[in-house]
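First up is the structure itself, then whatever we jot down about it.
Chains as they are written, first to last, in this note's numbering: chain V, 39 to 549; chain Y, 39 to 549.
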């Protein structure tokens with residue numbers, strides 16, 4: 039027996055591999071060259087073609103079909119019998135044809151968009167390796183890569199030490215924040231639960247993402263115990279109201295334990311004043327979380343990182359590279375300045391997975407910090423993008439999307455038919471009403487808002503059916519429906535902004 | 039203006055696309071043919087080669103390198119400057135080289151393995167479309183596909199009606215179960231939280247997955263309020279002890295609200311007796327959840343579905359196609375027979391995303407049932423596999439992995455040096471000690487268990503360093519470390535089982 043560590047070429051002649059005849063191996067779970075090579079190659083060619091076509095301005099953003107009709111076209115039902123290779127290729131073609139091209143330049147509908155070629159390649163590689171990131175043993179490369187990316191992101195935030203994890207989306211990352219904040223206040227909750235404890239209360243603005251309430255409900259705190267703080271007209275948290283609500287909760291005998299500030303609100307793109315909120319947290323011993331899922335990307339820009347001034351004073355941060363930094367869905371992180379809390383708060387020390395008698399340094403087995411067990415590697419696509427572009431490239435990307443939003447804002451400011459919701463947008467969200475010709479000049483009529491409320495849904499229907507653009511709309515508080523343009527795609531330029539303005543006018547001209 | 043619904047070819051001459059000169063476009067977020075086509079094609083060829091090589095029996099399962107050394111090799115740090123294309127190709131090559139080949143036939147280490155070619159193609163397609171599944175508007179195909187897959191899975195479980203969602207792993211799916219069960223008992227918890235309520239208690243076996251405790255901690259119930267029910271020698275829940283513990287909780291003044299039975303425990307592969315547990319739940323008004331994350335695959339087999347007898351009487355089920363059915367990581371579902379509870383329990387009705395004044399039937403906007411907002415489409419890879427193989431193919435796959443496990447069990451039964459932990463394994467987990475030559479016949483010596491405990495870690499180190507196989511070990515309760523072979527790869531055959539036995543003997547022969 040050679041010494042441990044040596045490579046041995048031992049005989050394997052006993053393993054005679056029966057090559058399955060073509061056509062009967064559909065139930066096998068490892069590709070063979072004969073019958074799967076052709077299939078995989080054909081799919082790869084389709085993907086390459088699609089990557090270029092679907093991001094081309096001359097192509098459609100989407101090919102809208104009603105749900106019932108799409109069910110017929112797609113033949114979605116699952117049957118007992120296998121399908122032929124041609125049928126499978128057809129299914130893939132239909133899936134591509136009827137899916138929305140989220141990489142298209144005129145998909146400005148969500149807080150994610152674009153199709154980054156390095157991110158795409160990274161995703162393909164990840165699929166091919168099919169990892170689950172919980173132990174160094176099973177995911178050596180991705181475990182270390184997560185450490186490197188999270189460390190660099192913490193450095194950019196301004197945390198000199200700390201910890202971090204990848205999360206399946208910003209909502210769950212915000213849930214991690216709630217759990218850490220709660221554990222920090224009352225560590226016994228992990229074992230004993232909330233039973234018999236005073237009522238816990240946390241604070242976030244009325245414009246914060248809905249996940250704060252959703253996760254508070256899941257975590258047994260209750261959505262009513264998320265106190266919503268008023269915002270100013272531009273969507274920033276009103277810190278005087280925060281102070282008042284904290285006082286109120288104390289008078290009620292509750293325990294205020296956390297504020298979730300937002301850096302880039304979902305609709306208006308507002309950045310809450312982190313430094314002022316930090317003062318309130320300090321005064322009342324509350325955990326300061328910053329939900330920078332969307333607006334965190336600005337941190338890589340010398341020009342725009344002032345928007346998050348004070349973030350280094352926070353206890354934790356949600357930051358999704360799949361949003362402003364345009365990594366593929368899904369790439370979401372939770373960062374904290376506290377070095378041990380993620381382990382303390384979440385670990386369950388399962389003996390079958392996190393054995394302590396392994397032969398390597400098990401501090402690299404980071405899985406127990408998570409609430410997930412099996413977990414996809416969301417890191418590689420972002421790491422590869424970052425390597426490809428460098429931090430300089432990420433900065434140029436961010437500066438360019440801000441530039442597009444600023445150009446668009448100035449273009450529609452004062453333009454007939456356009457009315458900005460936020461006069462001076464802070465992020466790349468540009469929110470505005472389009473007032474069609476038939477309503478222009480009728481702003482004082484009593485049913486104006488009621489009529490304006492119906493304009494955006496109608497225009498959205500038209501852009502969907504024609505496939506020329508996708509941009510979302512929403513109401514907010516007492517305000518009627520308005521549009522939100524939102525930009526994370528740095529291949530967009532001023533000409534594209536001109537196109538979007540012209541397209542809005544075209545879609546609404548006879549309303 | 040043509041009628042809504044028509045396709046218009048309107049002029050786009052104003053959009054003059056400046057083609058960026060090669061080399062300066064690294065920060066753009068849409069692929070262009072000139073500089074990215076070559077890169078993506080090279081990556082595709084590498085992936086194709088890797089898919090075949092990494093699943094070949096003559097290749098290594100892993101190429102183990104110590105963490106500190108791997109950090110040096112991989113150049114993981116992120117820099118300000120961009121990288122060249124050659125450097126990126128090198129990074130991808132290294133990532134493949136040093137990652138574990140989880141698709142290799144001799145990766146029998148976890149509850150997932152293999153590399154299904156249809157699943158792989160499905161993953162690549164999903165990456166290329168970069169969807170987020172929350173609204174029909176943004177993900178028409180995947181929204182309908184999820185509905186079709188979840189419906190068919192519910193049918194196979196035996197639920198005549200109900201609902202379901204995809205989840206980022208079985209742990210969070212079990213958390214969904216806890217939340218539904220709790221909401222079912224006391225719906226006010228969603229808004230009001232657990233404050234002021236009696237202590238809630240749930241039950242699962244001592245061999246159940248650690249996620250039950252982890253999620254109970256996250257959800258404010260507290261890990262101590264997960265009462266662990268004793269198991270019998272083969273790992274099945276002892277229903278008399280369950281009854282006793284429920285009684286005990288009632289005497290304590292607590293509110294028992296849920297039992298989580300396991301169908302295929304993580305280590306021993308035991309199937310809890312669902313029908314008997316259902317009787318206890320009925321008697322005490324408790325929600326019956328079945329964590330079939332691992333063992334649920336047996337449901338597609340006429341020969342093995344009896345293992346889950348009574349599952350149709352449960353309230354909810356966790357079932358991960360990425361485990362026994364060998365879909366790629368990650369593909370995990372939560373199914374329930376209750377039609378409305380997922381919406382009631384989780385919805386937050388965000389107005390910016392789930393607008394009710396859309397032009398289509400918004401019942402297809404299923405995102406609000408989830409705790410995630412943005413969410414990857416995990417459905418397509420599994421749907422494509424299922425289409426490719428048919429349910430018949432899935433059944434053959436399951437029958438084959440059971441056959442391999444049974445062959446292995448009989449091969450080692452009574453073989454010198456091997457001792458089965460569970461004499462008659464129910465699932466494809468085969469658990470056993472390997473007693474090396476130096477310890478054979480010394481079973482009655484006082485330090486035998488202590489010495490045996492060290493054998494599996496040493497053999498694991500050897501197999502990792504040589505890359506010939508990966509199989510896990512763990513202790514359980516008072517028992518010393520033992521091996522767990524676990525099979526989800528239907529390309530494994532009897533010869534492979536012979537190889538694994540021979541390899542174990544080779545690795546342990548001088549211990």
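Idealized CB from N, CA, C, for every residue including glycine.
In this text the structure is predicted, and so the values were computed from the model without any measurement.
Rounded straight-line distance, which links the Cα of residue j to that of residue i
i: residue 147 of chain Y; j: residue 527 of chain Y; result: 12 Å
i: residue 465 of chain Y; j: residue 170 of chain Y; result: 35 Å
i: residue 243 of chain V; j: residue 300 of chain V; result: 8 Å
i: residue 484 of chain V; j: residue 408 of chain Y; result: 39 Å
i: residue 344 of chain V; j: residue 331 of chain V; result: 17 Å
i: residue 227 of chain V; j: residue 259 of chain Y; result: 8 Å
i: residue 546 of chain Y; j: residue 504 of chain Y; result: 13 Å
i: residue 531 of chain V; j: residue 359 of chain V; result: 22 Å
i: residue 65 of chain V; j: residue 361 of chain Y; result: Low confidence applies to residue 65 of chain V: its pLDDT is 48, below 50, so where it sits in the model is not reliable, and the reading given next is rough at best. Looking at the two C-alpha atoms, the distance is approximately 15 Å.
i: residue 233 of chain Y; j: residue 380 of chain V; result: 24 Å
i: residue 114 of chain V; j: residue 165 of chain Y; result: 20 Å
i: residue 535 of chain V; j: residue 446 of chain V; result: 6 Å
i: residue 325 of chain Y; j: residue 413 of chain Y; result: 28 Å
i: residue 524 of chain V; j: residue 130 of chain Y; result: 32 Å
i: residue 529 of chain Y; j: residue 442 of chain V; result: 52 Å
i: residue 189 of chain V; j: residue 406 of chain V; result: 18 Å
i: residue 496 of chain V; j: residue 399 of chain Y; result: 15 Å
i: residue 376 of chain V; j: residue 201 of chain V; result: 6 Å
Close-in-space but distant-in-sequence residues of the same chain around residue i (CB under 7 Å, 5 per side omitted)
i: residue 457 of chain Y; result: 470, 471, 473
i: residue 514 of chain Y; result: 305
i: residue 480 of chain Y; result: 486
Residue i CB to nearest heavy atom of the ligand FAD below 7 Å
i: residue 445 of chain V; result: With respect to the ligand FAD, the structure offers nothing, as it holds no ligand at all.
Whole-number beta carbon distance between residue j and residue i, since they are thought to touch under 8 Å
i: residue 203 of chain V; j: residue 240 of chain V; result: With 8 Å as the limit, residue 203 of chain V and residue 240 of chain V do not qualify as a contact, their Cβ atoms being about 20 Å apart.
i: residue 69 of chain V; j: residue 93 of chain Y; result: 6 Å
i: residue 357 of chain V; j: residue 183 of chain V; result: That pair is no contact at about 17 Å.
i: residue 161 of chain Y; j: residue 419 of chain Y; result: 5 Å
i: residue 451 of chain Y; j: residue 428 of chain V; result: Not confirmed; about 59 Å, so no contact.
i: residue 218 of chain V; j: residue 374 of chain V; result: 6 Å
Spatial neighbours of residue i in its chain, beta-carbon cut-off 8 Å, leaving aside the 5 residues before and after
i: residue 255 of chain V; result: 261
i: residue 341 of chain V; result: 437, 440
i: residue 59 of chain V; result: Residue placement at residue 59 of chain V is flagged as unreliable, the pLDDT there being 31, under the threshold of 50; the coordinate-derived value follows with that caveat. Contacts found: none.
i: residue 312 of chain Y; result: 299, 301, 326, 328, 346, 347, 348, 349, 351, 352
7 Å Cβ cut-off: residues of chain V touching residue i
i: residue 520 of chain Y; result: Chain V residues near residue 520 of chain Y: none, gap ~11 Å exceeds 7 Å.
Under 8 Å from the C-beta of residue i: neighbouring residues of chain V
i: residue 411 of chain Y; result: 207, 208, 209, 247, 248, 249
i: residue 222 of chain Y; result: Those within 8 Å of residue 222 of chain Y in chain V number zero; the least Cβ separation is about 14 Å.
Interface residues of chain Y facing residue i [CB-CB closer than 7 Å]
i: residue 259 of chain V; result: 231, 258
i: residue 424 of chain V; result: 116
i: residue 414 of chain V; result: 367, 368
i: residue 397 of chain V; result: 495, 499
Cross-chain neighbours of residue i in chain Y, by beta carbon under 8 Å
i: residue 140 of chain V; result: 167, 168, 169, 170, 176
i: residue 108 of chain V; result: 178, 179, 182
i: residue 237 of chain V; result: 231, 233, 234
i: residue 137 of chain V; result: 167, 169, 177, 178, 179, 180
i: residue 390 of chain V; result: 304, 305, 510, 512, 514, 522
Contact list for residue i against chain Y, beta-carbon separation under 9 Å
i: residue 79 of chain V; result: 82, 86
i: residue 404 of chain V; result: Near residue 404 of chain V there are no residues of chain Y at all, since even the closest Cβ is about 12 Å away, more than 9 Å.
i: residue 126 of chain V; result: 156, 159, 422, 425, 426
Close-in-space but distant-in-sequence residues of the same chain around residue i (CB under 6 Å, 5 per side omitted)
i: residue 303 of chain Y; result: 245, 273
i: residue 284 of chain Y; result: 294, 322
i: residue 251 of chain Y; result: 261, 264
i: residue 61 of chain Y; result: With a pLDDT of only 36 at residue 61 of chain Y, under 50, the local geometry of the prediction cannot be trusted, and the value read off the model is given with reservation. Closer than 6 Å at the Cβ level, and outside the excluded window around residue 61 of chain Y, lies no residue.
i: residue 57 of chain V; result: Bear in mind that the predicted position of residue 57 of chain V carries a pLDDT of just 31, short of 50, making it too unreliable to give a figure here.
8 Å Cβ cutoff, residue i in contact with chain B
i: residue 489 of chain Y; result: The question asks about chain B, but that chain is absent: this structure's protein chains are V and Y.
Segments assigned beta strand (DSSP E), at least 3 residues, entirely inside the stretch 232-288 of chain Y: The stretch 232-288 of chain Y contains these whole beta strand (DSSP E) runs: 238-243, 264-267.
For the stretch 355-381 of chain V, which segments carrying the beta strand (DSSP E) assignment without a break, of at least 3 residues, lie completely within its bounds, in sequence order? Every beta strand (DSSP E) of 3 residues or more that sits fully in the stretch 355-381 of chain V is shown, in chain order, as 370-374.
Going residue by residue through the stretch 397-476 of chain V, where are the continuous beta strand (DSSP E) segments of at least 3 residues, counting only ones entirely within it? Here the runs fully enclosed are 456-458, 467-472.
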